[in-house]
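Student: Have a look at this one.
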Amino acid sequence: MISSVRGTVASIGLDHAVVEVGGVGLAVQATPHTLATLRRGDEAALSTALVVREDSLTLFGFADTAARDLFWLLQTVSGIGPRLALATLAVLEPAQLRHALADGNISTLTQVPGIGRKGAERLIIELRDKVDAVVAADATPAAPAPGAVRGSVVEALTGLGFGVKQAEQAVDRVLAEDSGAATPAVLRKALATLGPQR
Numbered sequence: 001m002i003s004s005v006r007g008t009v010a011s012i013g014l015d016h017a018v019v020e021v022g023g024v025g026l027a028v029q030a031t032p033h034t035l036a037t038l039r040r041g042d043e044a045a046l047s048t049a050l051v052v053r054e055d056s057l058t059l060f061g062f063a064d065t066a067a068r069d070l071f072w073l074l075q076t077v078s079g080i081g082p083r084l085a086l087a088t089l090a091v092l093e094p095a096q097l098r099h100a101l102a103d104g105n106i107s108t109l110t111q112v113p114g115i116g117r118k119g120a121e122r123l124i125i126e127l128r129d130k131v132d133a134v135v136a137a138d139a140t141p142a143a144p145a146p147g148a149v150r151g152s153v154v155e156a157l158t159g160l161g162f163g164v165k166q167a168e169q170a171v172d173r174v175l176a177e178d179s180g181a182a183t184p185a186v187l188r189k190a191l192a193t194l195g196p197q198r
């Protein structure tokens with residue numbers, strides 16, 4: 001099982017990115033939201049799920065382990081394969097999906113192309129009691145608000161020796177480009193803009 005990849009982003013397509021790891025380019029299928037956090041030439045770290053079929057090996061990438069766990073959970077339901085599971089996460093953020101399953105919200109689930117009323121009902125029946133267990137078992141907390149991310153990253157940067165004002169400006173630049181980025185991604189991008197501390 002390939003549970004994560006870290007490497008340089010060689011290219012970004014409409015539905016995948018190629019991440020170069022140890023001289024090998026891995027094609028990683030991902031949602032538009034995840035792809036939007038990547039930049040060609042930058043280093044990327046993605047949680048991944050390898051789906052093995054008789055005639056193919058397909059790697060799916062996620063911004064965090066919570067999304068990856070939901071991807072696997074969705075596929076435990078009959079009729080939901082990896083493509084539909086990824087489409088679900090493309091339409092619904094992990095937090096939205098959790099709430100929709102826990103609350104039995106059919107109208108939210110049917111926003112996903114390929115999921116009709118019966119499919120939504122089946123998802124709710126089969127996953128309502130499991131989704132909380134996945135969340136509880138996941139070491140990654142739900143994405144914090146941008147303000148919380150900003151404070152955490154500024155604190156980390158000042159701990160590394162950067163000035164408060166310098167750190168705040170770098171973090172604000174990163175969040176202006178992607179306000180929904182997770183703390184590790186913001187920290188990496190802020191460090192890239194600041195360069196090595198002298």
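Start counting the sequence shown at 1; every next residue gets the next number (UniProt numbering).
Backbone N, C-alpha and C fix where the C-beta goes; we use that ideal spot for every residue, glycine too.
None of the values given here were measured: they were computed from a predicted structure.
1) Please check the pair residue 80 and residue 50, which I expect to be a contact at CB under 8 Å, by giving their CB distance rounded to whole angstroms.
2) Can you tell me which of 59, 20 and 31 puts its alpha carbon nearest to the alpha carbon of residue 43?
3) Select from 128, 120 and 103 the residue whose C-alpha is nearest the C-alpha of residue 88.
4) Three-state secondary structure (DSSP) at residue 43?
5) Please report the distance separating the alpha-carbon of residue 71 from that of residue 180.
6) If you reduce the DSSP assignment to three classes, tell me which class residue 179 lands in.
7) Can you give me the start and stop residues for the alpha helix (DSSP H) that residue 106 sits inside?
8) Candidates 47, 35, 101 and 130: which alpha carbon is nearest residue 124's?
9) If you measure between the beta carbons of residue 92 and residue 85, is that distance less than 9 Å?
10) Please indicate yes or no: does the CB of residue 13 lie closer than 8 Å to some heavy atom of the ligand GTP?
11) Is residue 141 buried or exposed, if buried means 16 or more other CB atoms sit within 10 Å of its CB?
12) Take residue 198 and list the residues in its own chain whose beta-carbon comes closer than 7 Å to its own, dropping the five residues that flank it on each side.
13) Whole angstroms are fine: how far does the CA of residue 130 sit from the CA of residue 113?
14) If you measure between the beta carbons of residue 182 and residue 154, is that distance less than 9 Å?
15) Who pairs with residue 34 in a beta bridge, going by DSSP?
Tutor: Well, looking at it:
1) No, residue 80 and residue 50 are not in contact; Cβ-Cβ is about 18 Å, not under 8 Å.
2) 20
3) 120
4) strand
5) The straight-line gap from Cα to Cα measures roughly 20 Å.
6) Coil at residue 179, not helix or strand.
7) 106-109
8) Cα-wise, what sits closest to residue 124 is 101.
9) No. Outside cutoff.
10) As presented, the structure is devoid of all ligands, the ligand GTP included, so that no description of it is given.
11) Low per-residue confidence applies at residue 141: pLDDT is 45, beneath 50, and the placement is therefore not dependable enough to give any value.
12) Residue placement at residue 198 cannot be trusted, given a pLDDT of 46 that sits under 50; the coordinates are not used to answer.
13) 23 Å
14) no
15) Note: residue 34 sits in no beta bridge, so no partner.
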